[in-house]
Amino acid sequence: MPESSFEGISNIYVYSAMPSSRQYSQSTIPLHPFRHYSGTAEFCTEENTSECMMYISQELLALGLSSIFFDLNGIRELDVIPALNSMYGLLQLHRRAVGMVAELEVEQLRVSSDLHCQQLSSSKLKDQLELSKKENVRLCERERQLEANIKALHNCLKNEKEEVQKLQNVIASRATQYNHNLKKKEREFSKLKERLNQLLTDKKDQKHGMDVLNYVGRSDGKRSQWKTGKADARHESEMYKALLNEFDKHQRELMTENAELKKVLQQIKQEMVGILSPKKPSGGTLKEEKRTDFTDQQITSDEEENSCMEGMSCDHAREQLSNSIRLQWRKLKHHVENLDNKVICFPASLVQLGQENSEEMISKEVHQEEMERLKVEIQQCKDFINTQQQLLQLSTPWDEETAAVLTDCYMLEEKERLKEEWRTFEEQKTNFEMERRTFTEAAIRLGHERKMFEEDRATWLKHQFLNMTFTDQVNIKTQNALTEYAVQEQKHISSPKTPL
Amino acid sequence: MNFSEVFKLSNQLCKISPDGKYLANCVQYRLVVRDVNTLQILQLYTCLDQVAHMEWSSDSLFILCAMYKRGLVQVWSLEQPDWHCKIDEGSIGLVSSRWSPDGRHILNTTEFHLRITVWSLCNKSVSYIKYPKACQKGMDFSADGRYVALAERRDCKDHISVFVCDDWHLLRHFEAETQDLAGVEWSPNGCVLAAWDSCLEYKMLLYSLDGRLLSTYSAYEWSLGIKSVAWSPSSQFLAIGSYDEKVRILNHITWKKLVEFEHQATITNSKAVVFKEVEKRPVVPTEDLSIHQIAMGSSLFDTRSKYEIPPLPVQVPVVKPDPDRANPKIGISAVAFSADNRYLATKNDCMPQCVWVWDMRTMGPAAVLEQTAPVRCFAWEPRRARLAFCTGNTKLYLWSPAGCLSVEVAVEGGFQVQSLFWHCSGDSLVLLGKDQLCLCYMATKEEK
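Protein sequences appear in the order of chains W and U.
Under the working numbering, the residue at position 312 of the first sequence is numbered 312, and the numbers go up by one with no gaps.
Under the working numbering, the residue at position 203 of the second sequence is numbered 703, and the numbers go up by one with no gaps.
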């Protein structure tokens, strides 16, 4: 193809590939778009008509139209009728394509609007879902609360039922008790009625009285006195005296108990004060202040208490004493807590603080180390002493006396121990002997009883078999067998038994 | 521990004289008086009928024998065997008879509790007390013998009368605030009178000697109430055992509950030592093993028993009572203080095989003794803290803070110990069987 026409074709392609939807949305399809077909002038010129014709026919063939422009004789001439038909076909195609495009556009609009609708509805549904989920959770919560309520009410009901049951049991037991008492009373009443009847019908009235040989004197030897008003007054006064004595005794006991308790409290307070006030002067200013605090308080309270302590207990002194004790106790508690904290948390710092505090507060670790060391020393000393003893024993010259003395004094303990053991052993032996004796006696008695029993049994068996009706031979045979057996048994029993 | 020989006994009537020198026991219609140490018969008296009740007078000179069926009371003198005294109540009948504390008056309660007749042995005077109440413990003498408190029932109300025993003068008469008064008891110091209601209502009233109401105590309502009451020897405590299986201790200063002792079925308190009696069957000698062994019973070898200390927690056997019966077998039926005030022994009816010992200093259980059979009777020694008890078998059991001991009553023919009581010196025990009696002399050294 000539280059110019090729360029022209590419231009056409370029132009025809442009989206022309805007253009084709118009109802009329201009057959002569001035812009586009401006290329026709460039496409086909006078020089390249045949090439254009060839090209167009090829294109038409590709589209499926009858595209024969020219004769088959090789002379390319334009055939008007097929050309017009092709043009018509092209126009139809074009129209159809435009229609399809329009349809597609409508379709696309519809779809996009549908999509938009769907999106809206989906977002709406999502919101609804959220709402209903929340609602669900709320309802679940409510259900749970109601169930808990139900459980609690069930429990209440159970408790109430149990109480009712208990009360019913109580009522039942009371009812049985009442019935029992009632029956007793009824029985007594009926007995009374019987006795009354008997007395009414019975003519003989047995006189009741006392028949005594002679009257005895009173146990305290005094004579009995007349009953007069004085006697009554005396009784009253004696009774009141007894009561008053009891009250006095009681009050005295309580007073002594009170005094003792007060003394004890005082002692405790003083001891607490003593503990809290340090012995070393280098204890630090804080402690000194505390001590003066205590002593001040102590002085003032003591004075007051001493003034009131004798005899009566005045409320003021009591309160003072108990308050001061509480105060001391609190301080002591604080002090002990502080000590504990210091010891646990700051052992190093204590060591650093130097000699001032090291004497007062020995840290736990140092203390333990000391203890360990001392224990080891003690052990070493003990070992040393033992070895010394042994060496002494071995090394001293062995004359009889010293040897005897030495052995005695080292063996004395063991001898004593042995003696003890012998003693217990002897005791046990005698106990065993006694037990053995009782056992033998019991066994002998048992043997006797058994012998008696067996004899009885043998005679009984004999009698039984003798009384039964059998043939003579059988009788004799069985008799023989039995007597043999019985004799054997007796022999067996009468043989002496060995004691346990 | 030595056991004396066995003597015959009827009606479980055996008493030691208050001075501790004589032992009197009844056999059918005879009264036998022996010397406590030699057990030789000193006197023998014959009564007119079978004796129902026998009692020594307080000065140990006279013995009272009451025959309820015949309505007769005969009094015998130890110094003068020829002296006789017979009191005939006649047609009015006799239900109970007792001495007054001075040993010269006899109080007879007629049938149906119509009246109490006070007969004097010193003069011809006779006194009558009307409207006595028939209840668990309607009459109590104070410890010094000066006063007697009597429960009365007039116009459907309970009253309490206090008489002076000297001349039976009515000292005080007041109405008791109870529904149905069940009993009265003086405190050991004689200044406070405890009065309690029947089991239908839990109510304990405390009156002073001059009739003033000191305090009322009620632990709970409606359920069955008080079953047993005991004063401590120092009058410091009042122990109340009730049907709810608890013992409540009141103190004498405020008359409020000091502590409550609960008898639990499972014991977990480590301070309480549980002693469990374990019986050992005798071992059969292996040499004579033959068919004849089956015939051998265990009559020759008695079952030995010893005490074991099981590890805590311990389950105690409980017997459930019949709920439909009156006076159910549940609750604390027996309460007793030891002589030194330190211990309290109790028995719970639904654990009939156990005796509980409580320590009053620590206010907690000191020991629980579990036996193989229901405990029938327990008694504290009059001087020391030692408890003797029996379960109806042939053994005697002793508890002391040092430990527990079971002793076989070594008499011929077996002796079932039904009840027991101590001699006033604490050196010997009197064991009563069904129709036998036996003395047990304690060794001087305590055995463990």
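We put the beta carbon where it would ideally sit given N, CA and C, even for glycine.
Since this is a predicted model, take the numbers as computed values, not measurements.
What residue ranges within the region 204 to 274 of chain W form continuous beta strand (DSSP E) runs of no fewer than 3 residues, ordered along the chain?
209 to 212
Assign A392 (chain W) to buried or exposed, taking buried as 16 or more other Cβ atoms, counted over all protein chains shown, within 10 Å of its Cβ.
Just to set this straight, residue 392 (chain W) is Leu in the shown sequence, not Ala. So L392 (chain W) counts as exposed.
Three-pair Cβ contact test at 8 Å for the region 566 to 582 of chain U versus the region 176 to 192 of chain W
no
Can you tell me the Cβ-Cβ gap for S625 (chain U) and C665 (chain U), rounded? I've got them flagged as a contact below 8 Å.
Actually they are not in contact, since the Cβ atoms of S625 (chain U) and C665 (chain U) sit about 14 Å apart, beyond 8 Å.
Rounded to a whole number of angstroms, what is the C-alpha to C-alpha distance between Q871 (chain U) and P852 (chain U)?
9 Å
C-alpha gap between P518 (chain U) and R437 (chain W), whole angstroms:
43 Å
Per DSSP, cross-strand counterpart(s) of Y88 (chain W)
Per DSSP, none; premise fails for Y88 (chain W).
With contact counted as at least three CB pairs below 8 Å, one residue from each stretch, are the region 651 to 658 of chain U and the region 210 to 218 of chain W in contact?
no
Confirm the yes/no value for this check: CB of K342 (chain W), any heavy atom of the ligand PLP, distance under 7 Å.
With respect to the ligand PLP, the structure shown offers nothing to examine, as it has no ligands at all.
I want to see whether chain U comes within less than 8 Å of A242 (chain W), judged by CB atoms only; does it?
yes
Taking Cβ positions only, does K222 (chain W) come closer than 8 Å to chain U?
Taking 8 Å as the threshold, the shortest C-beta distance from K222 (chain W) to chain U does not fall below it.
Let me check understanding here. Comparing Cα to Cα, which of U:E760, U:A839, U:Y743 and U:H669 lies closest to E701 (chain U)?
U:Y743
Check this for me: beta carbons of V774 (chain U) and I767 (chain U), under 8 Å apart or not?
yes
Could you round the C-beta distance between I726 (chain U) and I749 (chain U) to whole angstroms and report it? I think they count as a contact, below 8 Å.
Incorrect: roughly 14 Å between the Cβ atoms, too far for contact.
With 7 Å as the limit, tell me which residues of the region 564 to 595 of chain U have their beta carbon closer than that to any beta carbon of chain W; keep them in chain order.
W583, H584, C585, K586, I587, D588, E589, G590, S591 and I592
Which residues, in chain order, does the region 650 to 664 of chain U contribute to contact with chain W at a C-beta distance below 8 Å?
In summary, the residues of the region 650 to 664 of chain U whose CB is separated from some CB of chain W by less than 8 Å are V664, in the order they occur in the chain.
Using three-state DSSP, classify Q580 (chain U) as helix, strand or coil.
coil
What residues in the region 712 to 725 of chain U bring their beta carbon closer than 7 Å to a beta carbon of chain W?
W722, S723 and L724
Does the Cβ of W460 (chain W) have 16 or more other Cβ atoms within 10 Å, making it buried, or fewer, making it exposed?
Classification for W460 (chain W): exposed.
Along the region 258 to 278 of chain W, what residues have a CB closer than 9 Å to any CB found in chain U?
none
Name the chain W residues whose beta carbon is nearer than 9 Å to that of R825 (chain U)?
T176 and H180
Indicate whether at least one CB of chain W lies closer than 8 Å to the CB of C635 (chain U).
Chain W, which has no Cβ nearer than 8 Å to the Cβ of C635 (chain U), makes this no.
What did DSSP end up calling F915 (chain U) once you bin it into helix, strand or coil?
coil
Is the shortest distance between the beta-carbon of S798 (chain U) and the beta-carbons of chain W less than 8 Å?
At S798 (chain U) the pLDDT is 34, less than 50, meaning the model places this residue with poor confidence; the figure from the coordinates comes in the next sentence. No, because no Cβ of chain W sits closer than 8 Å to the Cβ of S798 (chain U).
Closest Cβ-Cβ distance between N502 (chain U) and chain W: below 8 Å?
no
When you compare only the Cα positions, how much space is there between I791 (chain U) and H448 (chain W)?
Below a pLDDT of 50, predicted positions are generally treated as unreliable, and I791 (chain U), at 43, falls in that range; the measurement from the model is reported next regardless. Approximately 17 Å between the Cα atoms of the pair.
Use the C-beta contact count for G913 (chain U): other C-beta atoms within 10 angstroms, 16 or more gives buried, fewer gives exposed.
By the neighbour-count criterion, in which 16 or more other beta carbons inside 10 Å mark a residue as buried, G913 (chain U) falls on the exposed side.
Anyone know if the C-beta pair for K331 (chain W) and L276 (chain W) falls short of 8 Å?
yes
By how many angstroms is the C-alpha of E589 (chain U) removed from the C-alpha of V875 (chain U)?
38 Å
Using only the alpha-carbon positions, how far apart do E579 (chain U) and W858 (chain U) sit?
Rounded to whole angstroms, E579 (chain U) to W858 (chain U) spans 44 Å at the Cα level.
Apart from the five residues just before and just after A515 (chain U), which ones in its own chain have a Cβ nearer than 7 Å to its Cβ?
Reading off the sequence shown, one finds Lys at residue 515 (chain U), where the question assumed Ala. Excluding residues within five positions, the ones whose Cβ falls inside 7 Å are A524, M554, E555 and W556.
Does D602 (chain U) have its Cβ less than 8 Å from a Cβ in chain W?
yes
Whole angstroms is fine: what's the gap from T28 (chain W)'s alpha carbon to S121 (chain W)'s?
Residue confidence for T28 (chain W) is low, a pLDDT of 44 falling below 50, so the modelled location carries little weight and cannot support an answer.
Can you find a C-beta in chain W that's less than 8 Å from the C-beta of L705 (chain U)?
no
Ends of the alpha helix (DSSP H) at L392 (chain W)?
Per DSSP, L392 (chain W) belongs to the alpha helix (DSSP H) from K364 to S395.
What does G690 (chain U) reach in chain W if we use C-beta pairs closer than 9 Å?
A242 and E246
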